[in-house]
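Residue numbers (my numbering), protein chains in the order written: chain A, 2 to 150; chain B, 2 to 150; chain C, 2 to 150. For each residue, glycine too, the CB sits at the ideal point set by N, CA and C.
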Amino acid sequence: MKVGPDPRGLFEYSANKELIVRLKHNADLIQSITELARSKGVKAGNFTAIGALKRARLGYYDQGSHEYREMKIDSPHEIASCIGNVSLKDGEPFIHAHVVLADEKGDTKAGHLFEGTVFAAEVHLRQLEGPRLERKYDEVTGLSLWNME
Amino acid sequence: MKVGPDPRGLFEYSANKELIVRLKHNADLIQSITELARSKGVKAGNFTAIGALKRARLGYYDQGSHEYREMKIDSPHEIASCIGNVSLKDGEPFIHAHVVLADEKGDTKAGHLFEGTVFAAEVHLRQLEGPRLERKYDEVTGLSLWNME
Amino acid sequence: MKVGPDPRGLFEYSANKELIVRLKHNADLIQSITELARSKGVKAGNFTAIGALKRARLGYYDQGSHEYREMKIDSPHEIASCIGNVSLKDGEPFIHAHVVLADEKGDTKAGHLFEGTVFAAEVHLRQLEGPRLERKYDEVTGLSLWNME
């Protein structure tokens, strides 16, 4: 079995529960899903979300300097798209999510989601059962990526 | 079990059928998925879609005035992303979907999808089995959100 | 059962495996998922991905002339969203994916993904079991769409 030139980056799971969650008004989206994963014992999973945020903090990863540039979004935006996953980092559930936000003209800002204050948000989280999915520092990218060893 | 400060916003499901659908040329995307949910008895679910629209009507929800602002998109756009869910409203299947549309330069318009005339669209709808998922008016946001009581 | 006016565009599946994949640095996203589908025998499925690309080639389908316009993205971008599916074309696994990319200001370019050189990418591919899902030339749109006959 090969996945591109390197076969080690593949993990197989079966779906367990499908969790549908309405996040609390004024909660942080990332923290809320982290707490959800912790409370339900989700160690691997993926999710999508739609809704709206009051404000947010986005990131763009500089592939040269290996540093995140942060962008503050200080006004209300629709969550036009949010795609993310759950895996373990330092043994604890860790959320990785990217979003596309839209303003009152339909114009967009997008990237890695560090923080997002929920106006309303509907999350569908799929809990997966299978091998341990753990993040580890990757020298090539400077990111915490899934451990392939 | 806690989901943020309020545990009542969590619903657990198991996946039932996975429906793959090619929408009809010139049909409305929201109406088509509503009919699909109705005909297949989908009372809870979520979906993604890609494809292209001939035209669309998007919304941005004004978090202050509690009113949608509508935007007409009168030219053909790619559906770069469409994420949505199915739940019940007044006892009937109700579709909530957000999209990111892209024009011939790759520039985007995004938000809540009210209407979208299909050029071509490929939908993946996951039918979920579990508790009743019903929308009800929420005073804080002015939106119809999933009933947490 | 009706899906809009035409019932033939519906296919029912059950979920088989859920594949979580870290794509290889410098690999092409579309080629990697094609190889993954081929190696695991995925003939129908859908996926989401997040991460970052070094460069990409996007497409916008001109609904009038029935030709793709191509756009080169020559700088690093976040994959703010990637939604796609797997079906058969000429009997072989074929990947159809749309993306929203974001630059260092959070500004976006989006559309059909022809090529994308991976900086880092996390893919969740759901393998579906059920009827044969095959693409065939569609005269109305000029696209290869799922065969409804």
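Worksheet item: Looking only at DSSP bridge pairs, what is A:T35 linked to?
Response: Your numbering for residue 35 of chain A matches position 34 in the first sequence. DSSP output for A:T35 lists no bridge partner at all.
Worksheet item: B:A45 versus chain C: which residues are under 7 Å apart at the beta carbon?
Response: Taking the first residue of the second sequence as position 1, residue 45 of chain B is located at position 44. Here the premise fails: no neighbours, minimum Cβ distance about 16 Å.
Discussion item. Between A:K106 and chain C, is the shortest Cβ-Cβ distance under 8 Å, so that the two count as touching?
Written reply: Walking along the first sequence from the start, residue 106 of chain A turns up at place 105. For A:K106, not one C-beta of chain C is nearer than 8 Å to its own C-beta.
Discussion item. In chain order, what are the residue ranges of uninterrupted beta strand (DSSP E) at least 3 long that sit wholly in the region 79 to 123 of chain C?
Written reply: 93 to 103
Practice prompt. Give a yes or no on whether 8 Å exceeds the smallest Cβ distance from A:E130 to chain B.
Written response: For the purposes of this step, residue 130 of chain A is taken as the residue at position 129 of the first sequence. No, its Cβ sits nowhere closer than 8 Å to a Cβ of chain B.
Worksheet item: Less than 8 Å separating the beta-carbons of A:G131 and A:F12?
Response: Here residue 131 of chain A refers to the residue found at position 130 of the first sequence. Here residue 12 of chain A refers to the residue found at position 11 of the first sequence. Their beta carbons are under 8 Å apart, which means A:G131 touches A:F12 by this criterion.
Fill in: Inter-residue Cα distance where the pair is A:G60 and A:E68
Working through the first sequence from its first residue, we reach residue 60 of chain A at position 59. Working through the first sequence from its first residue, we reach residue 68 of chain A at position 67. Between A:G60 and A:E68, the C-alpha separation is close to 10 Å.
Fill in: Closest Cα partner of B:Y62 within the set B:E140, B:K137, B:H113
The sequence position of residue 62 of chain B within the second sequence is 61, counting from 1. Minimum Cα distance to B:Y62 is reached at B:H113.
Item to complete: Give the straight-line distance between the Cα atoms of B:E140 and B:I74, rounded to the nearest whole angstrom.
Response: Taking the second sequence and counting its residues from 1, one reaches residue 140 of chain B at position 139. Taking the second sequence and counting its residues from 1, one reaches residue 74 of chain B at position 73. Approximately 30 Å between the Cα atoms of the pair.
Practice prompt. Taking B:T78 and B:L54 to be in contact with their CB atoms under 8 Å, please state how far apart those CB atoms are, rounded to whole angstroms.
Written response: As a position in the second sequence, residue 78 of chain B is number 77, starting the count at 1. As a position in the second sequence, residue 54 of chain B is number 53, starting the count at 1. The displayed chain sequence assigns His, not Thr, to residue 78 of chain B. Contact holds; Cβ gap of about 6 Å.
Practice prompt. Provide the residue span of the beta strand (DSSP E) that contains A:N17, from first to last.
Written response: Here the question's residue 17 of chain A lines up with position 16 in the first sequence. Segment 11 to 23, the beta strand (DSSP E) holding A:N17.
Worksheet item: Excluding sequence positions up to five away, which residues of its chain have a Cβ less than 6 Å from the Cβ of C:A81?
Response: Along the third sequence, one-based indexing puts residue 81 of chain C at 80. Counting only Cβ-Cβ distances below 6 Å, and skipping sequence neighbours, we find V101, A103.
Worksheet item: A:A57 versus chain F: which residues are under 8 Å apart at the beta carbon?
Response: Absent from the structure: chain F. Protein chains present are A, B and C.
Item to complete: Could you pull the start and end residues of the beta strand (DSSP E) that C:A57 belongs to?
Response: For this step, residue 57 of chain C is matched to residue 56 along the third sequence. Unbroken beta strand (DSSP E) run through C:A57: 46 to 63.
Discussion item. On the DSSP bridge list, what partners appear for A:S145?
Written reply: The count along the first sequence starts at 1 and reaches residue 145 of chain A at position 144. BP columns for A:S145 point to A:Y138.
Worksheet item: Are there 16 or more other CB atoms within 10 angstroms of the CB of B:E36, so buried, or fewer, so exposed?
Response: Here residue 36 of chain B refers to the residue found at position 35 of the second sequence. By the neighbour-count rule (16 or more Cβ atoms within 10 Å), B:E36 is buried.
Fill in: Nearest-angstrom beta carbon gap, A:P94 and A:K18 [assumed within contact, 8 Å]
Reading the first sequence from its first residue, position 17 is the one you call residue 18 of chain A. Reading the first sequence from its first residue, position 93 is the one you call residue 94 of chain A. Not really, about 15 Å apart at Cβ, beyond 8 Å.
Discussion item. Would B:H125 pass as an interface residue toward chain A - the criterion being a Cβ-Cβ separation below 8 Å?
Written reply: Translated into the one-based positions of the second sequence, residue 125 of chain B becomes position 124. Judged by the 8 Å Cβ criterion, B:H125 is not in contact with chain A.
Practice prompt. List the residues of chain A whose Cβ lies closer than 7 Å to the Cβ of B:N86, in chain order.
Written response: The residue labelled residue 86 of chain B in the question sits at position 85 within the second sequence. Near B:N86 (Cβ distances below 7 Å), the residues of chain A are E123, H125.
Practice prompt. Taking C:G10 as the query, report the chain B residues whose CB atoms sit under 8 Å from its CB, ordered along the chain.
Written response: Position 9 of the third sequence, counted from the first residue, corresponds to residue 10 of chain C. Within chain B, V22, R23, L24, K25 have C-beta atoms less than 8 Å from the C-beta of C:G10, given in sequence order.
Item to complete: Determine whether the Cβ of B:R136 lies closer than 8 Å to any Cβ atom of chain A.
Response: What you label residue 136 of chain B is simply residue 135 of the second sequence in a count that begins at 1. B:R136 does not count as touching chain A.
Discussion item. Using the Cβ count rule (16 or more neighbours within 10 Å means buried), how would you classify B:D29?
Written reply: Stepping through the second sequence from its first residue, residue 29 of chain B is reached at position 28. Flag for B:D29 reads buried.
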